[in-house]
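Each number in the working numbering comes from the position in the sequence shown (counting from 1) with 20 added on. Glycine residues also receive a C-beta, built at the ideal position from the N, C-alpha and C atoms.
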Amino acid sequence: MVKKFRLGTPFDTKAVTANIKSERISAFPLDLTQGERCVVMFSIEKNDMIFGLGEAVRGINKRGWVYESWCSDETEHTEDKRALYGAHNFIIVSGKKKFGLFVDFPGKIEWDLGYSKPSEVRITLDGNNADFYYIDGDSERDIVKQFRKIIGKSYIPPFWAFGYQQSCWGYSKQSDFTAVRDKHRKNNLPLDCIYMDIDYMERFKDFTVNKELFPDFKSFVSDMRAHNIHLIPIIDAGVKKEEGYPVYDEGHEKGYFCKNADSTDFECGVWPGTVGLPDFLNKNAREWFGSQYKYLTDMGIDGFWNDMNEPALFYSKTGLEKAKEKLKDIYTKEIDIWNYFGMRDALARIQNSMDDYSSFYHNVDGELVCHKDVHNLYGAFMTNSAGEYFEREFGKEKILIFSRASYIGAHRTSGIWFGDNYSWWSHILLNLKMLPSVNMCGFLYCGADIGGFNNNVTGDLLLRWLAIGVFTPLMRNHRALGTRAQEAYQFDNTQDFADVLAVRYRLIPYIYKTFRRCADEGDMMFRPLAFDYPDDKLACEVEDQLMLGEECMIAPVYEQNKSGRTVYLPEPMTFVKLSGANITSEKLGKGIHYVEVALNEVPLFIKENKKIPLAKPALNTAELNTENLTYI
Ligand code: GLC
């Protein structure tokens, strides 16, 4: 049962779609202290576990660390971090008492989940207007389903978005894209999408295409489509300040950019240089920005990724001025070690600074709202602006859209990707751990940058990562400018890559069907073992395996130089290895096993009396035969 408790007059975040009458706040079952900052507290027993918070670092069981809901352009997803790009304010406490808690509050929240005191949870809101949803249920999965029911159905992308996708910050000219397409084909590597990062634009201006690089973009898009490749351009939140650029001029004239306290446009520096930030919290600005995508959809584009929408601010005008003053002051002194650090930090600290986030305003139905108080909605509302436009213009399931920043509610109009990870083995595991947590919050279409965004990849790391990517709805290989090339054909053992990618296409009918069912039923595609085997202590503590759908368990190899791994089976299962068109299988009993997995194999564990469909391998979703299926 879901109970709602309202504190003060909360901002309408649009996260919850169900109409729930609020109970008296005095009846809220957890300890609640009101003040300038509202604090929710409750005690936890020794063995209680805490799940949720969506996109975050550390374990599936989140207990023992302090997290923050604060959408952040975080370039290093290391364990010391508290916040990443999404603000997903939902947790489930699982012990003798089980309950779910959604804190619908768009400002900053600190979640101290047994960090300061191991037996205490302390949730501090940077404000005192919020809705709390308290959910009782029989099981964790039941609580998730009840939660998902009140926040509305998850976004479903077009079918082809389940194909394999290649991205790289650095593809710029037409021949870069055709080469990627042709080299995949030549090496028997399947592919459905190629991503266009910021370089396709004219001076990084949203809704422009560089005419020198793409003299006839429309024909190029249609030529790629004739080869069954979808081109997916990036759209950044900031709109370049440039006179004569119609998007900027119109946004400026109509007052659609976020404002300083003196009503001038707030300006900051991102990839294009100085930009205006569209005021996505202003309904008219939102509709205006959404309709700009038409420029690209008119040319045949049917997929987008929205980026830098935390919003990421490299610097603001004021921030830069302050840093310059500080530097000038330091220059007058003798440089010792502390002044050296001061110089270094003067510039580093102005990026994504709280001073800036506190200094600009949104126009919400005529009322000025400070950005800091609604920060976590910015990216979500950007993506809603696009998603809502696409649904109006094209209907559901026609356009692919996913975002970097998000808040619960955006799961109805888009997917998410997990941002700028590294080519680190530990990030394969982090990818796995985020899956159930974001699923709980409604985000089903999701995935990490396979192979890692930052740093240099190695062939074995990429293969192991792909072997988990095979199961994630968004299966995209992406890397940063200047890092080692990581397309599947860059390595000597290309056949190994073809073997793993073939498995994705064999599994698409199963993954797609499971995805749709989970969207329809408000279910999770990926679940911690603790949700399915709550009485099995070993299963509850597993942090590197997940249940997938009703049928399977996944347990990838995620360590360097390993020819296999140890796996825990909470019940007897069939251990299947898929590679290209080959399948081997072996029955294993409940308990701990060591299983060998070669680099070109995808391991999968299927429960007894369950079967999963397999298609024949294909080179893209258009050529995939989804009717003629065999079963394992
Ligand atoms: C951001 C994005 C990344 C993209 C880059 C350049 O870092 O997270 O995916 O490649 O910007 O646009």
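Check your understanding: Does at least one heavy atom of the ligand GLC sit under 8 Å from the Cβ of Ala-500?
Key -> yes
Exercise for review: Could you tell me whether the Cβ atoms of Tyr-175 and Lys-279 are closer together than 9 Å?
Suggested key: The Cβ atoms of Tyr-175 and Lys-279 lie no closer than 9 Å to each other.
Review point. Since Glu-616 is in the beta strand (DSSP E), which residue starts that stretch and which ends it?
Key: 611-616
Practice item. Evaluate the contact criterion for the stretch 625-640 versus the stretch 509-527: three or more CB pairs, one atom per stretch, below 8 Å. Key: yes
Exercise for review: Would you mind giving the Cβ-Cβ distance between Cys-466 and Ile-436, rounded to the nearest angstrom? I have them listed as a contact below 8 Å.
Suggested key: 5 Å
Exercise for review: Answer with buried or exposed for Thr-492, where buried requires no fewer than 16 other C-beta atoms within 10 angstroms of its C-beta.
Suggested key: buried
Check your understanding: Run through DSSP, which three-state label would Arg-223 get?
Key -> coil
Check your understanding: Three or more C-beta pairs closer than 8 Å, one from the stretch 306-315 and one from the stretch 281-290: is that the case here?
Key -> no
Review point. Do you know whose CA, among Lys-353, Met-402, Asp-124, lies nearest Ala-425's CA?
Key: Met-402
Check your understanding: Does the separation of the CB atoms of Ser-139 and Ser-63 fall below 9 Å?
Key -> yes
Check your understanding: Within the chosen definition, does the stretch 137-154 reach the stretch 42-62 through at least 3 CB pairs nearer than 8 Å?
Key -> yes
**Study point:** Contacting residues, own chain, Cβ-Cβ under 6 Å from Ala-654 (five flanking each side not counted)
**Key:** Because the chain spans 21 through 652 in this model, residue 654 falls outside it and cannot be assessed.
Check your understanding: Which first and last residues belong to the alpha helix (DSSP H) in which Ile-531 is found?
Key -> 514-541
Check your understanding: Does the Cβ of Lys-128 have 16 or more other Cβ atoms within 10 Å, making it buried, or fewer, making it exposed?
Key -> buried
Check your understanding: For Glu-561, which of Lys-261, Ala-35, Arg-83 has the nearest alpha-carbon?
Key -> Arg-83
**Study point:** Burial state of Pro-548, where buried means 16 or more other Cβ atoms lie within 10 Å
**Key:** buried
Check your understanding: Count the other CB atoms within 10 Å of the CB of Trp-325; is the residue buried (16 or more) or exposed (fewer)?
Key -> buried
Check your understanding: Over what stretch of residues does the beta strand (DSSP E) that includes Gln-312 continue unbroken?
Key -> Here Gln-312 belongs to no beta strand (DSSP E); instead the alpha helix (DSSP H) covers 303-312.
Point to revise | Under the three-state DSSP convention, the category Gln-185 falls into | key: DSSP places Gln-185 in strand when its eight states are reduced to three.
**Study point:** Test item: CB-CB of Val-622 and Val-587 under 9 Å
**Key:** no
Check your understanding: Can you tell which of Leu-482, Tyr-427, Met-460 has the C-alpha that lies nearest to the C-alpha of Pro-126?
Key -> Tyr-427
Point to revise | Proximity winner among Cys-390, Asn-620, Asn-208, relative to Leu-639 (alpha-carbon distances) | key: Asn-208
**Study point:** Ile-350 - partner residues in DSSP beta bridges
**Key:** Ile-350 pairs with nothing; no bridge assigned.
Check your understanding: Between Glu-94, Phe-71, Lys-169, Asp-124, which lies nearest to Thr-29 when the distance is taken from Cα to Cα?
Key -> Asp-124
Check your understanding: How long is the line joining the alpha carbons of Asn-329 and Val-384, rounded to whole angstroms?
Key -> 18 Å
Exercise for review: Please confirm whether Gln-186 and Glu-507 have their CB atoms less than 9 Å apart.
Suggested key: yes
Check your understanding: Mapping DSSP to helix, strand and coil, what is Ala-107?
Key -> strand
Exercise for review: Take Ala-406 and list the residues in its own chain whose beta-carbon comes closer than 7 Å to its own, dropping the five residues that flank it on each side.
Suggested key: Gly-310, Tyr-313, Phe-324, Asn-326, Ile-421
Exercise for review: Check whether the Cβ of Ile-70 lies closer than 8 Å to any heavy atom of the ligand GLC, and answer yes or no.
Suggested key: no
Exercise for review: Pick helix, strand or coil for Cys-560, following the three-state DSSP scheme.
Suggested key: helix
Exercise for review: Please list, in chain order, all residues of the same chain as Lys-203 whose beta carbon is under 6 Å from its beta carbon, the five residues on each side excluded.
Suggested key: Taken in chain order, the residues that qualify are Tyr-509.
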